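Residue numbers (mature numbering (1 follows the signal peptide of the UniProt record, and there is no 0)): -23 to -1, 1 to 359.
Idealized CB from N, CA, C, for every residue including glycine.
As the structure is a computational prediction, the values presented were derived from the model and not from experiment.
Notes follow the structure.
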Amino acid sequence: MKKNYLLIALSLLLVCTTLIVSCQDDDGDAYVPVSPVVLNPADVPYAKLSDYHFFEGALKDLTPAYKVLPYRPASELFTDYAHKKRFVWMPQGTMATYNGNDNALVFPVGAVLIKNFFYDNVAPSNTTRIIETRILIKTHEEGFNSDGSMIDSGWEPYDYIWNEEQTEAYLDTEGQGVFVPLTFTDSGVTRDIYYKIPAQTECHTCHKLNPDHAVGGEVVIPIGVKPQNLNNVYDYGTAQRNQLEKWVSEGYLDPNIPANILSTVDYRDTSQPLELRARSYIDANCAHCHRIGGHCDYAAMRFNFSNTDLSTFGVCMPYQFALPEDMEYVIKAGDANNSELIYRISSTDGSVMMPFIGRSIVHDEGVALMKEWINSLETTCE
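In structure tokens, the structure reads:
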């Protein structure tokens, strides 16, 4: 009987030893998972999306590899009803840092932001079709003038166009823009569009910033990865968690961030105050151009969410450009149909529509939201 106990004890000891050894490498050190992502800033862009190893399994499934982290801003930019899947990856041992609620995080060299554009229920077979994958890579450190103004952000944009078979996406080496005819059904509505894959110059139009108005001072920056947009709960599949907290736990964000962050909301969330929803929508769709140093800096409106001064947000602001219709104000409080803003976002005329890049059709839900908010304003414009 004692021999049996001894054999059992020895067997358990052997199992435990095997488990411990299996978690160690050949040198006896604890095993640390390594991301399969391949990204040498000196060698990018690669010819194919698969060359980066951002995704595991079938490429079209967009299943993120280890340390490729999904994220989503509270309110998304409208792009002809395209769905989007976003991911971030950073080299091991590096992290982003806080630079203000409404400024993009400061990323390390080698960081990459990945944004996939796709449609569900695409004719004729009601299948999912990925159109393009845009990536921003921080290939080098920022560059500054002697006066401290930035002249180089270190970021470079690249676009990968998916093949018909949905097996691969290839680097767009032409950079002239491509129109893709699509028929798709979304929320019970079938639409025919010519989806526009942007030209390289159009990428720069939305992603550029020159806050000091310096000659040659235009730099490429990320847009959506701001603390105000990420301070919300995301469903990671295995658990739901605040995105900023998740980034910190993954080692992707320095924990030295404010406890209270003035944050955007999902404009579709009717439980949120109407004004917050409207300002969040405008921030996502307009603020990257209508901000200090943005492409439309010359116009007086400042559509960033942190701007709570409605007079500079466009309310009762005299119209900025002559329009076919006689409109006095950018936003005429209580009168959406006589507001320049509504006229522009309701138009598909390239000479007056806003945004003038990124859409070819009207965002019906967005227009309805902005009309509701403008009509609720009780200020009198005189």
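Item	Value
Whether or not the segment 342 to 355 and the segment 59 to 68 are in contact is what I'm after, with contact meaning three or more pairs of Cβ atoms, one per stretch, closer than 8 angstroms; do they touch?	no
Using only the alpha-carbon positions, how far apart do residue 210 and residue 219 sit?	4 angstroms
Return the chain-ordered list of same chain residues with a C-beta closer than 8 angstroms to the C-beta of residue 174, the five sequence neighbours on each side being excluded.	108, 109, 136, 138, 149, 154, 155, 156, 157
Assign residue 174 to one of three DSSP states: helix, strand, or coil.	strand
Using 9 angstroms as the threshold, is the C-beta distance between residue 221 and residue 114 below it?	no
Would the beta-carbon of residue 283 fall within 9 angstroms of that of residue 79?	yes
Mind checking who residue 135 pairs with in its DSSP beta bridge?	112
Take the Cβ of residue 316 as the centre, count every other Cβ of all protein chains shown within 10 Å, and call the residue buried at 16 or more, exposed below.	buried
So if DSSP puts residue 92 in a beta bridge, which residue, or which two residues, is it bridged to?	63, 111
Is residue 134 closer than 9 angstroms to residue 83 when the C-beta atoms are compared?	no
Quick one: residues in its chain with C-beta nearer than 6 angstroms to the C-beta of residue 160, no 5 flanking neighbours on either side, listed in chain order?	100, 169
Which same chain residues end up closer than 7 angstroms to residue 302 when comparing Cβ atoms and leaving out the 5 residues on each side of it in sequence?	320
If I'm right that residue 334 touches residue 318 with Cβ under 8 angstroms, what's the distance once you round it to whole angstroms?	About 17 angstroms separates the two Cβ atoms, so there is no contact after all.
Rank 199, 75, 43, 275 by C-alpha distance to the C-alpha of residue 68 and give the top, closest one.	43
Excluding the 5 residues preceding and the 5 following residue 289 in the sequence, name in chain order all residues of the same chain whose CB lies nearer than 8 angstroms to its CB.	277, 278, 279
Give the secondary structure of residue 343 by DSSP, where H, G and I count as helix, E and B as strand, and everything else as coil.	helix
Using a Cβ-Cβ cutoff of less than 8 angstroms, which residues in the same chain neighbour residue 344 once the five nearest sequence positions on both sides are dropped?	319, 322, 323
What do you reckon, are the CB atoms on residue 77 and residue 190 nearer than 9 angstroms?	no
With distances taken from CA atoms, which of 251, 237, 199 is nearest residue 266?	199
Tell me residue 308's beta-bridge partners as DSSP assigns them.	292
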